[in-house]
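Asks: Chains as they are written, first to last, in the working numbering: chain A, 1 to 366; chain B, 1001 to 1366.
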C-alpha cells in the first residue's frame, strides 16, 4: 500500500509514552505491529464504521497472526452507556480473552471512549489501541487518555484515564465523514487556537473554507497542530489538576446544552462551539476581550458551519446541568474563560449575573 | 470514646501512601478528619452493616461538618455486579456530588470492592476511604487497591486499581461477625503464612482455636501481620507485574469453585481455603513439599473451620472456569504453588496431569 506523507507525534507520559501517526492511507499492519504485544485483539467499532473499514483492519491484524474478535455496537452517542459497555465485556469474556489482550477502538469519540474505558476496566486493565475515524476523535479523544460513558444525569460522569499504546489517525477515513461531523471536529480545532495559539487562529481564518471542503492535506496539518498542542498540555498535567482543565473551553456550557437536548441531538462539537461563544461572551462582559474579538470568535465558528446560538433553554435548567459538570469543585463552579484571544484561564470569581447574560444572549429565542 | 491499643501501618506507594489504623473501638472522627478533603461524603454500605454501624459513622462524619449521603446495597456477593454498581453512581449524581467528594466503604469485601471501583470511575476518580467490617476485608481487600465487580462469566473481571486515603480496621466490629465469615477471613491469614512466613504459620498453629473463638487481641495481631506482609508486597509491585501475583495462592482453583457453585454459595475465603489445599497438593506432586507438609496445610485450614474439599465438579468445567482466571497470560495458565512451606512461586511448567489429580483428589465425591 502506498504510504503518503506521514507525521509522527509522541505524547510524552514517561513509561506510557505513545506515538500518534498522522497521514493518509497509512500502512496499518506495519504501524500497528510493534505496538500489539499479545495475540488476542478485540476490535470495537460501530455498525457505520464496520461497513466501511472493518475488513481493512481485520485483514491487517490477521496478517499479523492475531486472534481476532469484534464487537460491533450501534452507532450514536445515546449508546454510550453502561448497558452497551457491558456488551464489550460480554464479547471479551465470551471470546475467552485474557489480561494480555488488546482492545482496538475503530471509530469516533463514542467508540474510543467506550472501548478505552472497557480496556481500562477489563481485568483491571488491558492494552488499548486507537484508530479514530472522525476529525473530532482525531484531535480530541485520541490524545490524553480520557475515557468513559454517560449517565442519565450527566455526560462522561463515569470513566477512567487510560493511555493507548498507539494512535493511527488516517485522514483518508475523513472522505466518508458526514459534513456535519467534519464541522464538529473543526470546533475542537478552533478551540485549541482560541485557548492558546493566536497564530493558529490566523491560519484557520486563512483556510477555513478549504478545511470545510475536506482538503486532506490541510486537515492533516490542522490535526497535527491540534494534537501537538493537546499533547504538550497533557504531558504536563495528565490527571487534570491544573493546566489541562483549559482544554475544557466551551465544555461546561456545551455539556449543559447537550444534556438538556438529550445526548445525540446535537453533536458534541456543535455544543462546544456554542459553548465557546458563551465563554467568549462572558469574557467580553468581564472586560477581557473586545466586542470585535467576540465577533471574530463567532465568525470563525460560523465559517466552520457550526451553531453560534443554541435553542432556548430555561436558565434554571441550564444552570442545573452546568452544576453537574466535573469542573465544580467544593460546590464552586469554575469556568474556562478567555483572558485574551488565544489565552484561556480557569476562573471562578466571575459575576454570576454576567454568566446568566452570556447564556441568554446566545440562545435562539426566535 | 476510649481509645484502646492501636497499631498503625503505612502502605508505601509514593504520593499515594496511606495509613491503616488497626485497633478496637477506634475514635472514628479523630482518625478520619485529616484524610477527608472535601465536604461531600457518600457512605456505601449494605443492609446488614447499616443496621449495626451506620449511625456511628454518620454521627462521626456529621460531627466533622460533612455533607453526608448514603447508599445502602443489598447484602451479598451476588449483588457485586454492574447493576448494583450503577446504583452507587445514581446515588452520587442524585446527591449532586462533585469531583472532590469522598466515597467511604463501610462493610466487607463486596462493599469495599464496589465502593472502591465506583470511586475509581466516578468523574474518573474521587477520594476513597475504607472501613472494612469483616476479618477477610481487613486483611485482604483493604490493602492493595484492587477493586471491581463480577461478570456472569468470571469473578472480579471488571475493575480498577484504586488506593484509599485511609483504612480503619476496627476489631470491635468482628464481635457481630458470623462464625463462618470469621473463618473465611482466617483463610486469607493462613495464606500469608503459607506463601511467605513460616514463623507466622507456627504462630497460627499455636493460636488457631483462640482466633476461631474471636479473641480480639490475637485477631488484631493476625490482621497487623497479614496487612504488613501484603503491604510490603504491594509497595514493591502495585500493578501485579510480578511478586504481587503470589498473593493469589489458592485463588485460581478457588475462583473455579466459586464460579461453578455460583457466587454467594461458598464464601470467597472458603473457596480459597480449598484452593490452597489443591495448590499444596499439586506442589507435593511436583516433589516440592512432603505429604507431611501437605497434611500440615490441611490441618491448619481444618482447624480454622474451613473446607479442605469441595463438592464434585466435572473436571472439564473446573478447567474452563480456571482458564477464565486473570492469571492466564498468552493462553498459558500460571499457578501460584509452594516451592516449600512458607515460600510460594508463580509457575507455568507444571504437569497438567498432576494438576488434574490435585483437583480431583480434593473433591468430596461421597
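Where a beta carbon is used, it is the ideal one built from N, C-alpha and C, also for glycine.
Using a Cβ-Cβ cutoff of 9 angstroms, what residues of the region 1156-1174 of chain B are near chain A? List them in chain order.
Replies: 1156, 1157, 1158, 1159, 1160, 1161
Asks: Alpha carbon to alpha carbon, what distance is there between residue 1037 of chain B and residue 1276 of chain B?
Replies: Rounded to the nearest angstrom, the gap between the Cα atoms of residue 1276 of chain B and residue 1037 of chain B is 41 angstroms.
Asks: Can the beta-carbon of residue 129 of chain A be found less than 8 angstroms from the beta-carbon of residue 165 of chain A?
Replies: In this structure, residue 165 of chain A lies closer than 8 angstroms to residue 129 of chain A by Cβ.
Asks: Output yes if chain A places a C-beta closer than 8 angstroms to the C-beta of residue 1089 of chain B; else output no.
Replies: Yes - at least one Cβ of chain A is within 8 angstroms of the one on residue 1089 of chain B.
Asks: Anything in chain A within Cβ reach of residue 1151 of chain B, meaning under 7 angstroms, just list it in chain order.
Replies: 89, 93
Asks: Leaving out the 5 sequence neighbours to the left and right, which residues in its chain are closer than 7 angstroms to residue 281 of chain A when beta-carbon positions are compared?
Replies: 294, 358, 361, 362
Asks: Under 9 angstroms, CB to CB, which of the residues in the region 1114-1132 of chain B have a partner in chain A?
Replies: Taking 9 angstroms as the Cβ-Cβ cut-off against chain A, the residues of the region 1114-1132 of chain B that qualify are 1117, 1118, 1120, 1121, 1122, 1123, 1124, 1125.
Asks: Please report the Cβ distance between residue 1338 of chain B and residue 1289 of chain B, rounded to the nearest whole angstrom; I am assuming they are in contact, meaning their Cβ atoms lie under 8 angstroms.
Replies: 5 angstroms
Asks: Any C-beta of chain B within less than 7 angstroms: which residues of the region 196-213 of chain A qualify?
Replies: none
Asks: With a Cβ-Cβ cutoff of 8 angstroms, do residue 1044 of chain B and residue 1106 of chain B count as a contact?
Replies: yes
Asks: Is any beta-carbon of chain B found at less than 8 angstroms from that of residue 96 of chain A?
Replies: So yes, residue 96 of chain A belongs to the interface.
Asks: If we call anything under 8 angstroms between Cβ atoms a contact, is residue 80 of chain A one with residue 149 of chain A?
Replies: Yes, these two residues count as a Cβ contact at 8 angstroms.
Asks: Report the CB separation of residue 1136 of chain B from residue 1268 of chain B in whole angstroms; it is logged as a contact under 8 angstroms.
Replies: 7 angstroms
Asks: Note down the Cα distance separating residue 306 of chain A from residue 109 of chain A, rounded to an integer number of angstroms.
Replies: 18 angstroms
Asks: Would residue 76 of chain A pass as an interface residue toward chain B - the criterion being a Cβ-Cβ separation below 8 angstroms?
Replies: no
Asks: So, for residue 317 of chain A: in the same chain, excluding its five sequence neighbours on each side, which residues have a beta-carbon less than 7 angstroms away from its beta-carbon?
Replies: Answer for residue 317 of chain A: 260, listed in chain order.
Asks: Please decide whether residue 1002 of chain B counts as near chain A, where near means a Cβ-Cβ distance under 8 angstroms.
Replies: In this predicted model, residue 1002 of chain B has a pLDDT of only 43, less than 50, meaning its place in the structure is not dependable; the value taken from the coordinates is given anyway. For residue 1002 of chain B, not one C-beta of chain A is nearer than 8 angstroms to its own C-beta.
Asks: Alpha carbon to alpha carbon, what distance is there between residue 58 of chain A and residue 1147 of chain B?
Replies: 33 angstroms
Asks: May I have the straight-line CA-CA distance separating residue 1341 of chain B from residue 1278 of chain B, to the nearest angstrom?
Replies: Taking C-alpha positions only, residue 1341 of chain B is separated from residue 1278 of chain B by approximately 14 angstroms.
Asks: Rounded to whole angstroms, what's the CA-CA distance from residue 1162 of chain B to residue 1145 of chain B? Just pull it up for me.
Replies: 5 angstroms
Asks: Specify the secondary structure class of residue 1088 of chain B as computed by DSSP and reduced to three states.
Replies: helix
Asks: List the endpoints of the continuous beta strand (DSSP E) containing residue 169 of chain A.
Replies: 166-170
Asks: Can you find a CB in chain B that lies within less than 8 angstroms of the CB of residue 86 of chain A?
Replies: yes
Asks: For chain A, is any of its Cβ atoms less than 8 angstroms away from the one on residue 1146 of chain B?
Replies: yes
Asks: How long is the line joining the alpha carbons of residue 25 of chain A and residue 173 of chain A, rounded to whole angstroms?
Replies: 8 angstroms
Asks: Please compile the residues from chain B whose C-beta is within a distance smaller than 7 angstroms of the C-beta of residue 109 of chain A.
Replies: Neighbours of residue 109 of chain A on chain B: none; closest Cβ ~16 angstroms, over 7 angstroms.
Asks: Is the beta carbon of residue 1230 of chain B less than 8 angstroms from the beta carbon of residue 1143 of chain B?
Replies: Cβ distance < 8 angstroms, so residue 1230 of chain B and residue 1143 of chain B count as in contact.
Asks: Nearest to residue 1226 of chain B by CA position, among B/1069, B/1248, B/1200, B/1217, is which residue?
Replies: B/1200
Asks: Mind listing the chain A neighbours of residue 1323 of chain B? Cutoff is C-beta to C-beta under 8 angstroms, in chain order.
Replies: Neighbours of residue 1323 of chain B on chain A, chain order: 96.
Asks: Would you call residue 1283 of chain B buried or exposed, if buried means 16 or more other Cβ atoms sit within 10 Å of its Cβ?
Replies: Buried is the call here.
Asks: Checking 8 angstroms against the spacing of the C-beta atoms, do residue 1040 of chain B and residue 1101 of chain B come in under that value?
Replies: yes
Asks: Excluding sequence positions up to five away, which residues of its chain have a Cβ less than 7 angstroms from the Cβ of residue 256 of chain A?
Replies: 318, 321, 322, listed in sequence order.
Asks: Would you say residue 1014 of chain B faces chain A, with C-beta separation under 8 angstroms as the test?
Replies: no
Asks: In this structure, does DSSP put residue 1149 of chain B in helix, strand or coil?
Replies: For residue 1149 of chain B, the secondary structure class from DSSP, reduced to helix, strand or coil, is strand.
Asks: Taking buried to mean at least 16 other C-beta atoms within 10 Å of its own C-beta, is residue 312 of chain A buried or exposed?
Replies: exposed
Asks: Flag residue 346 of chain A as yes if its beta-carbon sits less than 8 angstroms from any beta-carbon of chain B, otherwise no.
Replies: no
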